[in-house]
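I have placed the structure first, in the form of structure tokens, so that the comments after it can refer back to it.
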Amino acid sequence: MRTARSEDHGRASERGPNAGPAQPLKLTPPPHPLSSFVGRQAEIEELSTLLTRARLLTLVGPPGCGKTRLALEVVAPNRHRVPQDVAFVDLGPIGDPDAVVDAASMALGLQAQPAPSLVNVIGDRAVLLLIDNAEHLIMSVCSLAQQLLAGCSNLRIMATSRELLNVDGERCWPVEPLSVPVGDAQDPEAVGAYDAVSLFCVRVSEQQPAFRLTTSNAAAVATICHRLDGIPLALELAAAAVPSLGLTQIAASLHHSFRILTNGRRTAVPRHRTIRAAIEWSHDLLDDDEQLLFRRLALFPGTFDLNAVKAICADGNMPEEWVSETLSRLVAKSLIVARTTPAGDLRYGQLEIVRQFARDKRALHGTDDLDGRHARYYARLADALSIVGGDLQARVHLIDLEYANLRLALDWAVGHEPGLEAATTENLQWYWALRGMLREARDRLESVLARSDVDELVAARLRILAATASRRLGDSAGMRAHLERASTAAEPAGAPALSVWTASARGLLAAQDGDWSAAEVWFRRILQFVEDMPADAPDRIVRMHGWPPSRARSSVMARNNLALTLLQLGRPSEALEQIVQALDATDDVVERAIPLVEVLDTCGQVYLALGRQAEARAQFIAALAQAVANANDHMAVGPLFGLARVAAGDGDHVCALTFAAAARQAASSSGTDWIRALSYQLESIEQAERSSREALSARRAAIAWQHGWGMDIRAALQFAQVGGALTSRTILSTREGEVAHMVANGLTDKEIAQRLLISPRTVEVHLAHVRRKLGLRNRAEIAAWAVSEASEA
Numbered sequence: 000m001r002t003a004r005s006e007d008h009g010r011a012s013e014r015g016p017n018a019g020p021a022q023p024l025k026l027t028p029p030p031h032p033l034s035s036f037v038g039r040q041a042e043i044e045e046l047s048t049l050l051t052r053a054r055l056l057t058l059v060g061p062p063g064c065g066k067t068r069l070a071l072e073v074v075a076p077n078r079h080r081v082p083q084d085v086a087f088v089d090l091g092p093i094g095d096p097d098a099v100v101d102a103a104s105m106a107l108g109l110q111a112q113p114a115p116s117l118v119n120v121i122g123d124r125a126v127l128l129l130i131d132n133a134e135h136l137i138m139s140v141c142s143l144a145q146q147l148l149a150g151c152s153n154l155r156i157m158a159t160s161r162e163l164l165n166v167d168g169e170r171c172w173p174v175e176p177l178s179v180p181v182g183d184a185q186d187p188e189a190v191g192a193y194d195a196v197s198l199f200c201v202r203v204s205e206q207q208p209a210f211r212l213t214t215s216n217a218a219a220v221a222t223i224c225h226r227l228d229g230i231p232l233a234l235e236l237a238a239a240a241v242p243s244l245g246l247t248q249i250a251a252s253l254h255h256s257f258r259i260l261t262n263g264r265r266t267a268v269p270r271h272r273t274i275r276a277a278i279e280w281s282h283d284l285l286d287d288d289e290q291l292l293f294r295r296l297a298l299f300p301g302t303f304d305l306n307a308v309k310a311i312c313a314d315g316n317m318p319e320e321w322v323s324e325t326l327s328r329l330v331a332k333s334l335i336v337a338r339t340t341p342a343g344d345l346r347y348g349q350l351e352i353v354r355q356f357a358r359d360k361r362a363l364h365g366t367d368d369l370d371g372r373h374a375r376y377y378a379r380l381a382d383a384l385s386i387v388g389g390d391l392q393a394r395v396h397l398i399d400l401e402y403a404n405l406r407l408a409l410d411w412a413v414g415h416e417p418g419l420e421a422a423t424t425e426n427l428q429w430y431w432a433l434r435g436m437l438r439e440a441r442d443r444l445e446s447v448l449a450r451s452d453v454d455e456l457v458a459a460r461l462r463i464l465a466a467t468a469s470r471r472l473g474d475s476a477g478m479r480a481h482l483e484r485a486s487t488a489a490e491p492a493g494a495p496a497l498s499v500w501t502a503s504a505r506g507l508l509a510a511q512d513g514d515w516s517a518a519e520v521w522f523r524r525i526l527q528f529v530e531d532m533p534a535d536a537p538d539r540i541v542r543m544h545g546w547p548p549s550r551a552r553s554s555v556m557a558r559n560n561l562a563l564t565l566l567q568l569g570r571p572s573e574a575l576e577q578i579v580q581a582l583d584a585t586d587d588v589v590e591r592a593i594p595l596v597e598v599l600d601t602c603g604q605v606y607l608a609l610g611r612q613a614e615a616r617a618q619f620i621a622a623l624a625q626a627v628a629n630a631n632d633h634m635a636v637g638p639l640f641g642l643a644r645v646a647a648g649d650g651d652h653v654c655a656l657t658f659a660a661a662a663r664q665a666a667s668s669s670g671t672d673w674i675r676a677l678s679y680q681l682e683s684i685e686q687a688e689r690s691s692r693e694a695l696s697a698r699r700a701a702i703a704w705q706h707g708w709g710m711d712i713r714a715a716l717q718f719a720q721v722g723g724a725l726t727s728r729t730i731l732s733t734r735e736g737e738v739a740h741m742v743a744n745g746l747t748d749k750e751i752a753q754r755l756l757i758s759p760r761t762v763e764v765h766l767a768h769v770r771r772k773l774g775l776r777n778r779a780e781i782a783a784w785a786v787s788e789a790s791e792a
């Protein structure tokens, strides 16, 4: 970066036919920010490089995302990659389009003059014009940029705007919000790795020097950063409120951020003193159609697609043929976010804080019928996706994308269209089962059943589904209550489908109570029901385990449950016969994910009882693979405990504790009361854990448990597939192991960094990982562990 005063580097004849003697330019330099810059280091490097190649670079992003601050950091005097002198043009205070060229003249140290004169003055000087806040004067900025770039060969322009200039040769750099943790993250080390958290913590510590990210406040900080979408302006305003409100109150109050984020710095421009003012600035630049659609899109709580917008938002005031174009303009103006998913779906959405603003605007404009249209649209979608056929994973993926909208539709239907609530609740049972969302499945069913106007047979059907969900949650009392009421409605009516499921649920309840003889009677009765069913019994609608039940599905689940029962009755050979038949029959079941996991898990238990360890292990791994394929923590609990029992039986106690911890973590993640749900296995599970702990030192047992608890089900599957070869060394990455052993050799962080050609900060991160993974507290314990490991090697 050179000084702001530029010398003439070219002949007057090269600057234009009317150029006189070269005029020295006294450029207006960019302002020097008073606060530190946090995060975006990779972006700064990329932008600095890009600025040497592109003649027009526009930083585009939503209100408050930090466009200006990022641009100033890129052109800061210590950034040697920016070769030009920099002239700063602040258009924020300017409202007259004709004044844009005057502002540029002043930034170049000149009296106001037209663009052609500026071309002559700049000539071939190497100048970077930084134009800030271009969105409200976009046409004038476009005209000026075109003229200057065409006439000044060494001029470059970097602009910040909430929409592109749309000039030939323009390079766009989307300025995204800062990275944020998931809303329920609690580990300070993991939470602190995100740029949004770093910025928030730095700004809080500027007011409260003793502030640190700790285990007690990490969850609140993560919630704040997540709810504010990582928008820097919002984070800084929230940080300013910490001394007066505290983290917990701020985190709890962000359902309406505008009431909290009002304490901007007095030196800030008016539109940056509150987050509302920043968004209002953009909103006021919209035309009437854009404002109308902007308000209506606040209805969507999550992302949405174009078809939904057309179906719900179009009406006499917003014809359907206008929707696409208007939506595109809102995207271009950074008030709607457009993203393409990995599967290629184009989805739209609003940042939460922008949505709150739009929702307030919608409320000011009175009521409309969009809520009902939204609910009915997504109810139709749920109905269409409940039909068996096509690509199951594609259907699951679509509901994943639309789930926030489906949930809102259900919430609206509760108080407005009870029939819609009942139908949609039933239509989503298959999805909730597949995703392991059993508590929501049961709660939604019980919401419907709490009403007195539900048809008797419909209620019976829903109660059986609620009973099944209750069983999986370990709620025997809830299961019994639903079954009793369902059977009184179903059996007198002679509904064969209900009879199958009533018998199944009663058998499962007997098993839950430990009455295995009664359970055997019920499950054999189901097999008889299946024999009496027509060969072409339907398998069209998938609910909790299929509704209506098909011959294939009913037979598979009855044999699976019968095998479990025979196992508990001490008849493993008979159990093997039943489970092999069930496994063979799964090929005939449409959408067999849930039955297949249960059958494979039961098969593993049978082989385990027969002492066939290798076959048991193979079945448990196959069951776990199915759970992972469906991203279902609940379905993974049983197979993981099975693998723990196999490992304990083989004397591999480290793996046994690792799998047991992973199983408990999966149960915790799914909200399952696994002790009740797997009560018949509890004694065997606890025995495997107890014997493995007794066989290991306390330290090795703790390391194995820590490793398993830190696994998600995908990592647990990978661990099982490679044979579960676990030592303390394999828990650590190669680099983490190197750092730990260098600590044992007495090296400091700086010395380790020099030896490994990394930064001291990276060394600190590696050591934090070592402490977390091995359950160590300090540097001395790391050194002791490394010496111990070296002696065992």
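Residue numbers (numbering that gives the first Met the number 0): 0 to 792.
Positions of the beta carbon are idealized from the N, C-alpha and C atoms, including for glycine.
{"Query": "Sufficient close CB pairs (3 or more, under 8 Å) joining the segment 397-416 to the segment 301-316", "Result": "yes"}
{"Query": "Inter-residue spacing [alpha-carbon to alpha-carbon] between Ile781 and Thr761", "Result": "17 Å"}
{"Query": "Residue from Ala458, Ser451, Asn404 with nearest C-alpha to Ala422", "Result": "Ala458"}
{"Query": "Delimiting residues of the beta strand (DSSP E) encompassing Glu416", "Result": "Counting along the chain, Glu416 falls outside any beta strand (DSSP E), and DSSP gives it neither H nor E."}
{"Query": "Inter-residue spacing [alpha-carbon to alpha-carbon] between Ser281 and Cys141", "Result": "18 Å"}
{"Query": "Element boundaries [alpha helix (DSSP H), containing Phe528]", "Result": "515-531"}
{"Query": "Beta-carbon gap between Glu162 and Val59 smaller than 9 Å", "Result": "yes"}
{"Query": "Range covered by the beta strand (DSSP E) that runs through Ser160", "Result": "154-160"}
{"Query": "Whole-angstrom distance between Gly94 and Ala11, CA atom to CA atom", "Result": "Bear in mind that a pLDDT of 38 at Ala11, under 50, signals an unreliable position, so the number given afterwards is only what the model happens to contain. Roughly 35 Å separates the two Cα atoms."}
{"Query": "Between the CA atoms of Arg354 and Ile702 - distance to the nearest angstrom", "Result": "45 Å"}
{"Query": "Cβ-Cβ distance between Pro594 and Arg552 below 9 Å", "Result": "yes"}
{"Query": "Status (buried if at least 16 other CB within 10 Å, exposed otherwise) for Asp651", "Result": "buried"}
{"Query": "Ala724 - DSSP class collapsed to helix/strand/coil", "Result": "Bear in mind that the predicted position of Ala724 carries a pLDDT of just 49, short of 50, making it unreliable; the figure below should be weighed with that in mind. Note: Ala724 maps to coil in three-state DSSP."}
{"Query": "Contacting residues, own chain, Cβ-Cβ under 7 Å from Thr339 (five flanking each side not counted)", "Result": "Leu345"}
{"Query": "DSSP beta-bridge partners of Thr339", "Result": "Leu345"}
{"Query": "Residues bridged to Thr57 (per DSSP)", "Result": "Ala158, Cys171"}
{"Query": "Val786 burial status per 10 Å Cβ neighbour count (16 or more: buried)", "Result": "exposed"}
{"Query": "Which of helix, strand or coil DSSP assigns to Ala111", "Result": "coil"}
{"Query": "Phe356 in three-state terms, based on DSSP", "Result": "helix"}
{"Query": "Distance between Leu334 and Ala357 (C-alpha atoms, nearest Å)", "Result": "10 Å"}
{"Query": "Outcome for Val126 when other beta-carbon atoms lying within 10 angstroms are tallied against a minimum of 16", "Result": "buried"}
{"Query": "Alpha carbon of Val201 to alpha carbon of Arg778, nearest angstrom", "Result": "26 Å"}
{"Query": "Ala719 and Arg616 closer than 9 Å at C-beta", "Result": "yes"}
{"Query": "Buried versus exposed call for Gln686 [16 or more other C-beta atoms within 10 Å across all chains shown]", "Result": "exposed"}
{"Query": "Selected residue, minimal CA-CA separation from Gln705, among Val653, Ile684, Ala276", "Result": "Val653"}
{"Query": "C-beta contact flag for Asp89 and Ala98 at 9 Å", "Result": "no"}
{"Query": "Separation of Leu253 from Leu227, as counted between CA atoms", "Result": "8 Å"}
{"Query": "Residues near Gln661 in its chain [Cβ-Cβ closer than 6 Å; skip 5 each side]", "Result": "The question names Gln, but residue 661 is Ala in the sequence shown. Here the set comprises Leu639, Gly707, Met710, Ala715."}
{"Query": "CB-CB length for Gly807 against Val330, believed under 8 Å", "Result": "Lying outside 0 to 792, the shown extent of the chain, residue 807 is not represented and no answer is given."}
{"Query": "Exposed unless 16 or more other CB atoms sit within 10 angstroms - verdict on Ser669", "Result": "buried"}
{"Query": "Secondary structure of Val85, DSSP reduced to three states", "Result": "strand"}
{"Query": "Beta-bridge pairing of Leu129 - partner residues as DSSP gives them", "Result": "Phe87, Met157"}
{"Query": "Cβ-based burial, Gly122 [other Cβ within 10 Å; buried from 16]", "Result": "buried"}
{"Query": "Local Cβ density within 10 Å of Arg689, reported as buried at 16 or more and exposed below that", "Result": "exposed"}
{"Query": "Opposing strand residues paired with Phe658 [DSSP bridges]", "Result": "Answer is none; Phe658 lacks a bridge partner."}
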